[in-house]
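Numbering (numbering that gives the first Met the number 0), first residue to last: 0 to 335. Heads up, the thing below is written out as C-alpha cells.
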Amino acid sequence: MSLEKTPVTIVTGFLGAGKTTLIRHLLQNPDGRRLAVLVNEFGDVGVDGDLIRACADANCPESSILELTNGCICCTVADEFIPAIERLMAMDPRPDHIVIETSGLALPKPLLKAFDWPDLRSRITIDGVVAVADAEAVAAGIFAPDPAHPGTEADHETPLSEVFEDQIACADLVLLSKADLAGEAGLAAARAVIEAEAPRPLPMLALTEGVIDARVVLGISAAAEDGLDARPSHHDGGEPHDHDDFDTVVIEIPEIDDPQALSDRIAALAAAHRILRVKGHVAVRGKPMRLLIQAVGTRVRHQFDRPWGAQPRLGRLVVIAEKGDIDAAAIRAALV
0 MSLEKTPVTI VTGFLGAGKT TLIRHLLQNP DGRRLAVLVN EFGDVGVDGD
50 LIRACADANC PESSILELTN GCICCTVADE FIPAIERLMA MDPRPDHIVI
100 ETSGLALPKP LLKAFDWPDL RSRITIDGVV AVADAEAVAA GIFAPDPAHP
150 GTEADHETPL SEVFEDQIAC ADLVLLSKAD LAGEAGLAAA RAVIEAEAPR
200 PLPMLALTEG VIDARVVLGI SAAAEDGLDA RPSHHDGGEP HDHDDFDTVV
250 IEIPEIDDPQ ALSDRIAALA AAHRILRVKG HVAVRGKPMR LLIQAVGTRV
300 RHQFDRPWGA QPRLGRLVVI AEKGDIDAAA IRAALV
C-alpha cells in the first residue's frame, strides 16, 4: 500500500466562468495522469457532469467521475463531500490526481478545512486551488461591490462580489477565461481588478476554451491545507455561509423548431430579469441530437452535443439568479 498522498486540485470560479471546459481539456490531455473528478452543481440538472462524462476514457473511466447536485459541497462537507472523496480513493487502481469542480456559488475555504480531517489529511494533499475568472465579466465590473454602498465592509458587498472575492482569496492560480472575448484591454482590466482583490500576489494566465498545459494546473504542490490563514474569507468570523441570496428554477421545454430563436429569448430574459446563468438541453424537432444551451448573462451559446438515445426528448433548462430576481412564472412565459 502506497503511503504517498494523493494530490487534489480544487477548481473554483463563478457561474459560467469556464470550469467545466477547463476540466474537459485536462481529461483529454492529462499528461499521463490517471484522473478522477468530483463535480458539484447548484441546481438539480446535472449538465456539467454530463459534459465531463462525455470525456471518459481509460485514464478516467465513468466510474471515476462523481456528481453531487442540488446544493454546494461547501455546505454539505460531512454528508456528501467526504463520502464521495472516500469512494474515489477506494478505487483500484487509485487515481493519480483528483480534480474537484465546485459549484459556481461555492466557497473553496470550507473544502480546504475539510481536508484537515485526520482520516483525509494522512492520505490527501491539496495540490492547489485554481480560480477560473471570466475575464470579460470581471472587466465589465459584474463582480464589483454595489456602487450605491461604497466601502469594503462585508455588509456592503453584493452576493456576487462576496463569492468572487472569496474564490480569488483562496486561489493559488487564477486563469482568465474567455480571453478571446475579453481582448487585451479586457484582460488588462480583469488583471487589475483581481490584483486589487487578492490578499497576496497571484499568478494569472489567460486562456481560451480551457486550453492549457496540464502541468501548469496539476502539480502546483501548494499543500494548501497548511496555509489556511493566508486565504481569508468573508466567513472567517464564524458567520455561517448559505446560498439564500441565490435561487434556481427548472423550466421544462417542449420540442423547438428554431435554436436561435430560443437563444434570443434567453438573452432577452437575462437582460430583463438579471439572470446569471442558464444551462440545459432541449430537443429540436427533426434532429436526433440534443441541443446544449449554455448562457452567462446575455451571452448565449448553443450546440448539438450527443444523441438523445433512449432518453425522453424533453428539454430542461436550469435558470440561476439572485433570489429577488427569480420569478418562475415570468421565466416560464419567456422561454416556453
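Virtual Cβ for every residue (Gly too), placed ideally from N, Cα, C.
Three-state class that DSSP yields for residue i in the structure shown
i	result
L110	helix
R298	strand
V216	helix
L316	strand
H272	helix
T5	strand
D133	strand
S203	Per the sequence shown, residue 203 should be read as Met rather than Ser. Strand at M203.
G308	coil
Spatial neighbours of residue i in its chain, beta-carbon cut-off 6 Å, leaving aside the 5 residues before and after
i	result
R331	I250
P149	Because P149 sits at a pLDDT of 43, beneath the cut-off of 50, its placement in the model cannot be relied upon, and the following sentence gives the value as read from the coordinates. Excluding sequence neighbours, P149 sits near nothing in its chain.
C169	P107, K108, V128 and R230
G218	none
G282	In the sequence as presented, Gly is not what sits at residue 282; that position holds Ala. E254, R312 and G314.
H301	P258, S262, L290 and I292
T151	Caution applies to T151, whose pLDDT of 40 falls short of 50 and renders its modelled position unreliable; the model cannot decide the point.
Per-residue burial, residue i [other beta carbons within 10 Å of its own, 16 or more giving buried]
i	result
V137	buried
A191	exposed
A147	Residue placement at A147 is flagged as unreliable, the pLDDT there being 45, under the threshold of 50; a coordinate-derived value is accordingly withheld.
K108	buried
M90	exposed
K322	exposed
G12	buried
E336	Absent from the model: residue 336. The displayed extent of the chain is 0 to 335, so no value can be given.
P287	exposed
N39	buried
Q338	The chain is shown only over 0 to 335; residue 338 falls outside these bounds and no answer can be derived.
A187	exposed
G294	Here the sequence assigns Ala to residue 294, which means Gly is not the residue at that position. By the neighbour-count rule (16 or more Cβ atoms within 10 Å), A294 is buried.
S220	exposed
A178	buried
G308	exposed
D165	buried
D118	exposed
D171	buried
Chain C within 8 Å of residue i, Cβ atoms only
i	result
L268	The chain labelled as chain C is not found in the depicted structure, where only one protein chain is given.
Residue closest to residue i, alpha-carbon to alpha-carbon, out of the options
i	options	result
I167	A309, S176 and E196	E196
L21	Q310, L180, P6 and I211	I211
V173	E3, D257, E183 and V10	V10
A328	V295, V248 and I292	V248
S160	G103, T207, G182 and R122	G103
G140	A181, A113 and R122	A181
N28	H233, P258, V216 and I292	V216
I276	D118, D324 and E79	The question names Ile, but residue 276 in the sequence shown is Arg. That would be D324, whose Cα lies nearest to the Cα of R276.
D257	I292, D171 and H233	I292
E3	G15, H233 and R120	R120
C-beta atoms of residue i and residue j nearer than 8 Å
i	j	result
R284	D304	no
A222	I125	yes
V131	G279	no
T297	A260	no
V317	S262	no
V7	I97	yes
D246	A320	yes
R214	D30	yes
P94	L34	yes
G185	A105	no
R23	G209	yes
R122	T5	yes
7 Å Cβ shell around residue i - same chain, five flanking residues per side excluded
i	result
A266	T297 and V299
L268	I274, I330, A333 and L334
M203	V173, L175, R190 and I193
D115	E224
F163	F13 and F142
P92	R33
Proximal residues to residue i (C-beta, below 8 Å), its chain only, five neighbours per side dropped
i	result
L111	I9, I125, V128, C169, A223, E224, L227 and R230
L87	A35, L37, S63, L65, P94 and I97
R199	A229
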